[in-house]
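J.: This structure is in structure tokens; I'll ask about it shortly.
4 protein chains.
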Amino acid sequence: MRFFSDNTGSACPEILAAIQDANTGLVPAYGEDAWTSRLDECCSAFFGTPVRAFAVTTGTAANALSLATVAPPYGAVFCHQEAHINVDECGAPTFFSGGAVLVPLHGEHGRLEPAAFGAALAAHPTYVHSVQPAALSLTQATELGTAYRPAQIRALAELAHERGLKVHLDGARFANALCFLGCHPGDITWRAGVDVLSLGATKNGALAAEAVVFFDTSLVRDFELRRKRAGHLLSKSRYVAAQLLAYLESGVWRRNAERTNRLAQSIGQAAGAALLHPVEANEVFLNLGVGPRQALRAAGFEFYDWGVESAGEARLVVSWDQPEADVPALCAALGRL
Amino acid sequence: MRFFSDNTGSACPEILAAIQDANTGLVPAYGEDAWTSRLDECCSAFFGTPVRAFAVTTGTAANALSLATVAPPYGAVFCHQEAHINVDECGAPTFFSGGAVLVPLHGEHGRLEPAAFGAALAAHPTYVHSVQPAALSLTQATELGTAYRPAQIRALAELAHERGLKVHLDGARFANALCFLGCHPGDITWRAGVDVLSLGATKNGALAAEAVVFFDTSLVRDFELRRKRAGHLLSKSRYVAAQLLAYLESGVWRRNAERTNRLAQSIGQAAGAALLHPVEANEVFLNLGVGPRQALRAAGFEFYDWGVESAGEARLVVSWDQPEADVPALCAALGRL
Amino acid sequence: MRFFSDNTGSACPEILAAIQDANTGLVPAYGEDAWTSRLDECCSAFFGTPVRAFAVTTGTAANALSLATVAPPYGAVFCHQEAHINVDECGAPTFFSGGAVLVPLHGEHGRLEPAAFGAALAAHPTYVHSVQPAALSLTQATELGTAYRPAQIRALAELAHERGLKVHLDGARFANALCFLGCHPGDITWRAGVDVLSLGATKNGALAAEAVVFFDTSLVRDFELRRKRAGHLLSKSRYVAAQLLAYLESGVWRRNAERTNRLAQSIGQAAGAALLHPVEANEVFLNLGVGPRQALRAAGFEFYDWGVESAGEARLVVSWDQPEADVPALCAALGRL
Amino acid sequence: MRFFSDNTGSACPEILAAIQDANTGLVPAYGEDAWTSRLDECCSAFFGTPVRAFAVTTGTAANALSLATVAPPYGAVFCHQEAHINVDECGAPTFFSGGAVLVPLHGEHGRLEPAAFGAALAAHPTYVHSVQPAALSLTQATELGTAYRPAQIRALAELAHERGLKVHLDGARFANALCFLGCHPGDITWRAGVDVLSLGATKNGALAAEAVVFFDTSLVRDFELRRKRAGHLLSKSRYVAAQLLAYLESGVWRRNAERTNRLAQSIGQAAGAALLHPVEANEVFLNLGVGPRQALRAAGFEFYDWGVESAGEARLVVSWDQPEADVPALCAALGRL
């Protein structure tokens, strides 16, 4: 039973159907198609404000292109030390921006705290010998499976904006956070001060589709040229746009996220004292100990170790198409450890 | 009737079926899946030599990543002035390589000639004040719808290798050239001296799938890291690999290319004296004159102007799913001009 | 007798004296010194308008930093095909800008012509698949030893500004052009539409000093950060600033340029029909023929061949400290060919 | 009395004399001169092994070019968190390398420890999602005024080499460390495993001159091209080379460093319990407290605060031309605090 990552999931039926529906003969390439044309409108409706939205096929592209649009080559981007952009993108934000440097910060349960960010920002030199504060990048849901409350994002974004920084949100698991919080999508984005969002769909049931959503639409021309030169403008764009439209309009985003959140809650409850972080999305982090962790694996559960080998920690992620029986089996196994 | 580009085509049934077949529950992400694992073997069989092959979703990514792997930041890449890398990728090869510069050369009917390339190479300074010759990039079929013969590639590649340059082949329409030439895939790649190939499938019926094929396998570790940091390693890699496997193994590549080649031949014959370049793939370039070109468009045919507005030239491209009736209609219209 | 380049010259006495005068104990580093503080004022007086000026030690740095400040990574910079930035800087403008591409154009005697530039600009695509016109870079005096008249620069700059491009002037031999034209420095810079100037001093008697002069002062913060991260902000900045102050304020620029211009004129006159371009600075280009060129070299004159070997062309450059007797000797030798 | 930095010092007489001596008429440019030609030999003699050495004008250029030569764009460079490359070069190593990321580590008194480096290296992921360990950069003397012993460098370099990393030494204050240790230059460079050294002269009496010294000479062609495209190859190279030759051959390096070391020792002794780090070069770090620090400044001593404002720490640096009376005055003032 696989709990490696929601990246291991397949594409959900609505997504495949949307691809099939878009498979209708000759249509203009490079985003001049009817599906891509509807993307702005669809995302504007979803977020409740006029936005510009662009489709790409990976989260790394969405993040790195977003950051390149808001940070100069000598820019500093503040982020949580566990952020995907910091640990899992092989330097993509630096590559796309032409040199911007990440400033990783601590923060409990994967969340940056305004005090810590404010202190780091205040301490950051602004003389010419230093990279210059340019952006704040938050992750929602965080890399440790927690969710920022709207007020937390707002407080962080205010600090950023006061100093002229732009705010980026890595929403690879945006739907999970949104369902957990039960708020409006605008409450954790533009109403809270987010300027640009990487809106993930792939982890939550799409085949390969992420939207970069600009709430600050002054940035889009620069973005479009950067996307093209990075090879992320697909010739047959309709197939990516169609996934995003189906994802947002069919309610797939909600159905899948609610299910994986619910299953993750069950696992978290079964874990008891081993639980490392509150479960507020579809990820569960456990402190099992090296021996029990090995026992769990021997019992047929696949997952990644977390942190240093000897700490005995584990990450388990529920995919949208996780077989229903996997979770009670896992819960039972956790009870037996 | 649309003759804009083969990028306007849909995905062919075998490709969609392959995606559907790959849609089977939880599988490891980032290329650790069964489909991606078979890609080397599949491509090695196709080319008749051991290769390493990697899937990406756009031709720009395939080309720019390939070139970044063979050219240093101060490298010069020789190419035809009409090459896609020179005119249609918004500087992607320069971006991916960290600065490499293209050296565009003339060449009749879209083909570089050994004499011209040899002269350019000999004339290129090698002192420290100049970018350094690093690679030769050829396009097969060329941007003007012609195909290099095996001996032509071999002659060019020999000149390149003598001077220590690597040879890249942009095979966005590789299948069309291959079907036209009727030779073995190895004859226009590794046997002719090609080190790395961008093997296109998207234009010829895939949804979004290109393979970067390394005949010089020493380059692959560098490539893999560059692909990741460029956001071109898909999490759900199976769906791109599955497209490529289906494309090569089902014969789709041949069936589609033979059809579009055949239809393009008909158009070329109907064009008579207006034909600008020999038709050796699925593209037809015509010198119609401004007025007749307008008349053709008014008759319901969609296509791109070529070159400067006043020259009255046109490019027409046949897609794999071009309605069969479009072509006799076009031929008749050409006859009436 | 050496006519290789004005780069072979030494530093003139006023420059060494200025360095010596600045050698006065402990002063703040990184441009916080009294010499650097006077640079804006000095250059503003020289150009007759408020400017911001920054010292660097090489012309390549001055040019590439200037261009990086005005061109985005996906920018296109139009220049003459003989421009130093195009042929002698190993890709520096591309490196510093993070990817901008040069668009080299023809132009008689080293000068771009408005018609040709206008045509190139009009023909340059602006869609997302292409690099975007961002800047025009002119060279004054040109790489072929000629000088743009004020009206010529103005006409070119107007075309550039109409399309939103910035105008850069590579003034590695600015003093030579200025002395030849006999105009005010403002006439060939800000009054003609130049936004940023690389003001060379090294070739004309400095040890190693070039000023980047911003007429459009909105660009300077970006410049300062780019200069630092490129390692071109000297810790002991006083010694570069002192050179520039002495160069502009002591009249060295004029004395040296007038002398080298005068000597070059003599050579040009002696050359007769062999002269390839009007002599309007301190460079002379000759079509000698392969044999006579060899004879001239055998007679003890050192210089660079120009263009392809077989063309028999030569470039001779007069340095500020060219021994006076070298020139009549050269003229006599030319007369004997 | 200024204790800001050794960058505030002037150029010492031997350096100015060398510049004057090199000021002899027309000589070939761009390093083809007699002074530059002797640089390899001079440095080889100094280090007791055949090396290749190259002159640049800033420490940032020396460091960033060195690192670009040993780290790919997706490389990780391990360094001390206080390293100049990490805090004072505005991202230069990332810029020059095309993206390499620094991994800053803790270490008492400015020195990395083998155990900590080994642990960081072991913990660093090597999968494709992460930047790849490529180099170790040490600073000698360190940024906190201490010196690595030869065995410490050797131990660190061994760990690096075992994993295939190259070893760079930032020797902005190399002479100070060398004089303090009383060892042979080879003992803290090539005999200890250093592959490339930034050998500083500017801080210790030169006008603007640093050598990049390659003990691993396979790297030099790449370096030379990177130097040129970064605008760090001076046309009148003789003046930088002449400074380096004078610096190494006249014994200036030793005389100046011994003096500043000696003066710093006096200050350190006068500081008593306020001393934060052992004085092993020409820098003294003091924990004065906010009030006494202010008092010291009010008494006429200029220096930089260190660390966060409220910590009350100070850095005082002795320059080669520090007036002799400054130091007893400072010592007395410290005694009065």
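Residue numbers (our numbering), protein chains in the order written: chain A, 1 to 337; chain B, 1 to 337; chain C, 1 to 337; chain D, 1 to 337. For every residue, glycine included, the Cβ atom is placed at its ideal position computed from N, Cα and C.
Got a sec: is the Cβ-Cβ distance from proline 13/A to anything in chain D below 8 Å?
T.: no
J.: For valine 220/C and phenylalanine 214/C, I'd like the C-alpha separation in whole angstroms.
T.: 7 Å
J.: What does arginine 163/B reach in chain D if we use C-beta pairs closer than 8 Å?
T.: By Cβ distance, chain D contributes nothing, its closest Cβ being about 15 Å from arginine 163/B, past 8 Å.
J.: Inspect the beta-carbon positions of proline 104/D and asparagine 86/D and report whether they are closer than 8 Å.
T.: yes
J.: If contact means a Cβ-Cβ distance below 8 Å, which residues of the segment 74-92 of chain D contact chain A?
T.: Tyr74, Val87, Asp88, Glu89, Cys90, Gly91
J.: Is there contact between the segment 108-116 of chain D and the segment 134-150 of chain D, where contact requires at least three CB pairs shorter than 8 Å?
T.: yes
J.: Which residues of chain G have a Cβ atom closer than 8 Å to the Cβ of asparagine 23/B, listed in chain order?
T.: As a matter of chain content, chain G is missing from the structure shown, whose protein chains are A, B, C and D.
J.: Among Glu158/C, Ala242/C, Gly205/C, which has the Cα closest to the Cα of phenylalanine 174/C?
T.: Answer by Cα proximity: Gly205/C.
J.: Can you tell me the Cβ-Cβ gap for aspartate 33/A and serine 237/A, rounded? I've got them flagged as a contact below 8 Å.
T.: Right, their Cβ atoms sit about 6 Å apart.
J.: Any chance the segment 93-103 of chain D sits against the segment 250-260 of chain D, with 3 or more Cβ pairs inside 8 Å?
T.: Not touching, per the Cβ criterion.
J.: I'd like to know whether the C-beta of proline 114/B is nearer than 8 Å to at least one C-beta of chain A.
T.: no
J.: So who's on the other strand from arginine 2/A, going by DSSP bridges?
T.: Glu302/A
J.: Would you call the segment 296-309 of chain B in contact with the segment 1-12 of chain B, where contact means no fewer than 3 C-beta pairs closer than 8 Å?
T.: yes
J.: In the DSSP output, what is cysteine 79/A paired with across the bridge?
T.: Under DSSP, cysteine 79/A forms a beta bridge with Pro104/A, Ser137/A.
J.: Which ranges does the alpha helix (DSSP H) cover as unbroken runs of at least 4 residues, wholly within the segment 1-70 of chain A, from first to last along the chain?
T.: List check, alpha helix (DSSP H) in window: 13-21, 34-37, 39-47, 59-70.
J.: Excluding five sequence neighbours on each side, which residues of the same chain lie with their C-beta closer than 8 Å to the C-beta of alanine 208/C?
T.: Thr57, Thr58, Thr202, Val240, Gln243
J.: Hey, valine 284/D and alanine 295/D are a contact pair by Cβ (cut 8 Å); roughly how many whole angstroms apart?
T.: Not quite, the Cβ-Cβ distance comes to about 17 Å (not below 8 Å), so this is no contact.
J.: Hey, is serine 310/A's beta-carbon within less than 8 Å of any beta-carbon in chain D?
T.: Answer no: the Cβ-Cβ gap between serine 310/A and chain D never drops below 8 Å.
J.: Check the C-beta distance from lysine 166/A over to alanine 135/A and give it rounded, since I have them as a contact under 8 Å.
T.: 5 Å
J.: Mind pulling the chain C residues with CB within less than 9 Å of phenylalanine 95/B?
T.: Pro73, Tyr74, Gly98, Gly99
J.: So does the segment 10-18 of chain C actually touch the segment 16-31 of chain D, counting three or more Cβ pairs closer than 8 Å?
T.: The count of Cβ pairs closer than 8 Å, one atom from the segment 10-18 of chain C and one from the segment 16-31 of chain D, reaches three, so the stretches are in contact.
J.: Considering only the beta carbon of each residue, do alanine 18/B and valine 212/B sit closer than 8 Å?
T.: Not a contact, by the Cβ cut-off of 8 Å.
J.: For the segment 129-146 of chain D, which residues have a CB atom closer than 7 Å to at least one CB atom of chain A, in sequence order?
T.: Close to chain A, meaning a Cβ-Cβ distance shorter than 7 Å, are the following residues of the segment 129-146 of chain D: His129, Ser130, Val131.
J.: Return helix, strand or coil for glutamine 322/C, following the three-state DSSP convention.
T.: coil
J.: Is the number of C-beta pairs between the segment 256-271 of chain C and the segment 324-334 of chain C that are closer than 8 Å three or more?
T.: yes
J.: Between which two residues does the alpha helix (DSSP H) holding arginine 191/A run?
T.: Unbroken run through arginine 191/A: none, as it is neither H nor E.
J.: Rounded to the nearest angstrom, what separates leucine 121/A and aspartate 187/A at their Cα positions?
T.: 25 Å
J.: Do glutamate 82/B and glutamate 143/B have their C-beta atoms closer together than 8 Å?
T.: The answer is yes: Cβ separation under 8 Å.
J.: To the nearest angstrom, how far is the alpha carbon of alanine 230/D from that of serine 319/D?
T.: 29 Å
J.: Which same chain residues, not among the five before or five after glycine 200/D, have their C-beta less than 7 Å away from its C-beta?
T.: When the five nearest sequence neighbours on each side are left out, the beta carbons in the same chain lying within less than 7 Å of the beta carbon of glycine 200/D are those of Gly59, Gly171, Ala172, Arg173, Phe174, Glu210, in order along the chain.
J.: In this structure, what does DSSP give as the bridge partners for lysine 166/D?
T.: Ala135/D
J.: Per DSSP, valine 212/C forms a beta bridge with which residues?
T.: Its beta-bridge partners are Phe54/C, Ser198/C.
J.: Closest Cβ-Cβ distance between proline 328/A and chain B: below 8 Å?
T.: no
J.: Given arginine 315/A, which residues of its chain have a CB within under 7 Å of its CB, disregarding the five upstream and five downstream residues?
T.: Glu283, Phe285, Phe303, Tyr304, Trp306
J.: Establish whether the CB of arginine 229/A and some CB of chain B are separated by less than 8 Å.
T.: yes
J.: Which residue comes first and which comes last in the beta strand (DSSP E) that contains valine 284/A?
T.: Run containing valine 284/A: 283-287, per the beta strand (DSSP E) assignment.
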